[in-house]
Amino acid sequence: MVGVLACVALAGYAATIIVRDPTLHPSIVGMLIWFAGALLLHDLVLFPLYTAADRVIGLLPATRVPLVNHVRVPLLGAALTLLVYLPGIVRQGEPVVLGASGLDQGPYLVRWLWLVLAMTGVSALVWVVRVTRRSAADG
Numbered sequence: 001m002v003g004v005l006a007c008v009a010l011a012g013y014a015a016t017i018i019v020r021d022p023t024l025h026p027s028i029v030g031m032l033i034w035f036a037g038a039l040l041l042h043d044l045v046l047f048p049l050y051t052a053a054d055r056v057i058g059l060l061p062a063t064r065v066p067l068v069n070h071v072r073v074p075l076l077g078a079a080l081t082l083l084v085y086l087p088g089i090v091r092q093g094e095p096v097v098l099g100a101s102g103l104d105q106g107p108y109l110v111r112w113l114w115l116v117l118a119m120t121g122v123s124a125l126v127w128v129v130r131v132t133r134r135s136a137a138d139g
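Its first residue numbered 1, the sequence shown is counted upward by one per residue in the UniProt record's numbering.
Structure representation (structure tokens):
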């Protein structure tokens, strides 16, 4: 509850900065359009997609140690990191990034794939350890 209130307070503070700055007034309309678009994209596209994916994951066969969360967590991590790093992966604004930092955006996709592989590997390793410990405890 405290975290939610802190986020609302931070959003309110950011809104007051935008309202007080006359050079940013035209961007308020754009910001509201972007927010409404993001809301519609989430509610009409993303929510049904990840709900369907979660239902499919729920159909995994039952094992002694449930597999569902060991699939769900890396998928969530992959989706969230893709959302964060998508502009770099698709090389959006590459000339600006190259000019400002001197770095190319080429490695973003490969690094994201390695990150997804690592998350999946760690989750699989944790599942194997849990199965092994459960088998040792039962036997």
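Even for Gly, the Cβ is constructed at its ideal location relative to N, Cα and C.
Asked	Found
Cβ distance (whole Å) where V73 is taken to contact S27 below 8 angstroms	Going by Cβ atoms, the distance from V73 to S27 rounds to 37 angstroms, so no, they are not a contact pair.
Beta-carbon gap between Y108 and R91 smaller than 9 angstroms	yes
C-beta contact flag for V126 and R64 at 9 angstroms	no
Cα-Cα separation, L117 to W34	32 angstroms
Start and end residues, alpha helix (DSSP H) containing P87	V68 to I89
Residues near V68 in its chain [Cβ-Cβ closer than 7 angstroms; skip 5 each side]	I57, G58 and L60
Counted within 10 angstroms of its Cβ, other Cβ atoms place H70 as buried (16 or more) or exposed	buried
CB contact flag (L113, D104, <9 angstroms)	no
Per-residue DSSP class, three states only, for M1	coil
C-alpha distance - Y50 paired with A36, whole-angstrom precision	20 angstroms
Rounded separation between E94 and A78 - CA only	23 angstroms
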